[in-house]
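Those letters in the sequence shown? Residues 1 to 367, per this note's numbering, in order. For each residue, glycine too, the CB sits at the ideal point set by N, CA and C.
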Amino acid sequence: MRIAAVELSIVRLPLVRAFETSFGAVTAREFVLVAIHDDGAVGWGECVADRDPFYSAESTATAWHVMTQYLVPAVIGRTFAEARDVADQWRRVRGHPMAKAALEMAAWDLQARQASRPLCELLGARPRPIAAGVSIGIQPSIDALLDRVEVERAAGYRRVKLKIKPGWDVAPVEAVRARFGAIPLMVDANAAYTPADATTLAALDPFDLMMIEQPLSYDDLVRHAALQRAIRTPICLDESITGPAAATDALDLGSCRILNIKPGRMGGFGPSLAVHEIARARQVPLWHGGMLESGIGRAHNLHLSTLDRFVLPGDVSASRRYFVPDLIEPPIDVGPDGMIAVPSGPGIGVTPDPGRLREATIQVERF
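Below is the structure:
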């Protein structure tokens with residue numbers, strides 16, 4: 001596989017509806033899309049960094065700078081035996097896992113397309129339907145939340161995740177449980193709480209949640225361990241799991257009982273596969289998170305979700321849930337049984353529609 005040419009595009013897609021978390025409300029996604037070319041084949045990748053550095057220190061602007069100045073120049077024109085080898089060229093560049101992941105994952109897609117194989121096979125799995133979960137942002141009222149859960153359940157989603165923050169936590173969970181009974185339900189705090197909020201988080205225990213995702217600071221494994229000892233509900237770590245070392249430390253400390261893998265956050269498929277092996281060895285359940293990706297990133301996530309330790313429904317919803325129209329063809333849909341089929345065909349199985357991509361593109365640079 002030779003990286004003969006690379007095209008980077010900054011793309012902006014308006015969301016179907018505003019999505020609010022403890023970081024604030026988002027009405028559009030602005031991200032870097034990657035296309036790697038070799039002898040007529042194209043591999044696609046998507047950078048999950050957002051315009052603002054709230055979820056992560058990275059942003060669209062920092063990713064663009066690091067890609068154009070350091071990452072792409074290090075690999076352009078080079079030949080690699082496998083996509084997993086591409087990341088070795090970036091060892092001198094500290095951090096910036098989202099920028100690295102977009103290029104690394106595009107290389108995996110390119111290799112799979114050139115081999116005429118679905119990406120999941122290169123990752124070590126076989127195509128299988130994936131249980132669909134949905135993430136529901138903070139709503140303006142309890143009634144609006146219940147209406148939104150009703151809509152998403154009718155659309156087939158098997159698991160519901162509620163975004164929470166101080167002041168919007170116990171009451172919405174209680175209302176959803178009262179209305180919808182024993183549905184698979186979890187909450188995501190996006191690091192909005194402190195150890196002083198342990199009593200509030202413990203008040204969620206009676207609702208039999210699947211997990212509380214990332215309640216405390218992204219860089220605090222020690223206090224997560226103390227909190228996990230204090231509450232019955234399993235803690236799942238997201239932002240804290242930056243790679244295999246962090247996953248090992250979190251499990252050794254008892255900071256969580258469940259892990260969330262996002263390849264776009266962790267630096268690509270290489271570190272994600274390593275964390276998957278740690279989870280398999282320790283029999284820790286995994287699920288695949290989402291970052292409001294377009295269909296390109298969503299297709300990558302579906303292929304990784306076919307690995308055997310992804311035993312819980314992930315945030316791998318239909319492409320039309322966030323963007324209408326999305327960039328891709330064919331679309332990714334949730335079936336009546338609440339399952340999503342992994343896109344068939346070589347690589348990730350989808351490509352951007354040229355017209356839609358052109359309309360959504362703000363800036364392009366070619367190497």
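Nearest-angstrom Cβ-Cβ length linking residue i and residue j, presumed shorter than 8 Å
i	j	result
residue 297	residue 48	6 Å
residue 233	residue 211	7 Å
residue 342	residue 91	The pair is not a contact, with the Cβ atoms about 32 Å apart (cut-off 8 Å).
residue 63	residue 98	6 Å
residue 348	residue 300	6 Å
residue 340	residue 316	6 Å
residue 135	residue 290	7 Å
residue 288	residue 314	3 Å
residue 4	residue 38	5 Å
residue 214	residue 252	18 Å between Cβ atoms; not a contact.
residue 170	residue 204	6 Å
residue 227	residue 216	6 Å
residue 118	residue 145	Incorrect: roughly 37 Å between the Cβ atoms, too far for contact.
residue 338	residue 156	4 Å
residue 72	residue 367	5 Å
residue 259	residue 286	5 Å
residue 6	residue 76	6 Å
residue 133	residue 158	6 Å
As assigned by DSSP and simplified to three states, the class of residue i
i	result
residue 364	strand
residue 152	helix
residue 222	helix
residue 377	Outside the shown range of the chain, which is 1 to 367, sits residue 377, and nothing can be said about it.
residue 272	helix
residue 206	helix
residue 14	strand
residue 78	coil
residue 39	coil
residue 261	strand
residue 118	strand
residue 229	helix
residue 282	helix
residue 54	coil
residue 300	helix
residue 235	strand
residue 46	strand
residue 334	strand
residue 142	helix
residue 266	helix
residue 105	helix
residue 98	helix
residue 320	helix
residue 177	helix
residue 292	coil
Proximal residues to residue i (C-beta, below 6 Å), its chain only, five neighbours per side dropped
i	result
residue 125	306 and 307
residue 195	223
residue 122	112
residue 80	1 and 86
residue 361	9 and 11
According to DSSP, residues forming a beta bridge with residue i
i	result
residue 351	329
residue 382	With the chain covering only 1 through 367, there is no way to say anything about residue 382.
residue 25	20
residue 314	132
residue 374	This structure cannot settle anything about residue 374, because the visible part of the chain is limited to 1 through 367.
residue 379	What is shown of the chain runs 1 to 367, which leaves residue 379 out entirely.
residue 31	11
residue 168	165
residue 339	131
residue 287	260
Own chain, CB closer than 7 Å to residue i, minus 5 neighbours either side, in chain order
i	result
residue 271	243 and 244
residue 365	8 and 68
residue 221	240, 249, 250, 253 and 255
residue 41	110, 113 and 114
Residue i Cβ short of 6 Å to the ligand NAD heavy atom set
i	result
residue 102	With respect to the ligand NAD, the structure offers nothing, as it holds no ligand at all.
Same chain, Cβ closer than 8 Å to residue i, neighbours up to 5 away in sequence not counted
i	result
residue 57	95
residue 20	26, 137, 138, 139 and 163
residue 46	31, 32, 33, 34, 102, 105, 264, 293, 294, 296, 297 and 300
Flag this pair as touching only if the stretch 260 to 277 and the stretch 8 to 19 have three or more C-beta atom pairs under 8 Å; answer yes or no. no
Hey, is the stretch 149 to 168 in contact with the stretch 27 to 41, meaning 3+ C-beta pairs nearer than 8 Å? no
Would you check if the stretch 325 to 338 and the stretch 160 to 180 touch, i.e. whether three or more CB-CB distances between them fall below 8 Å? no
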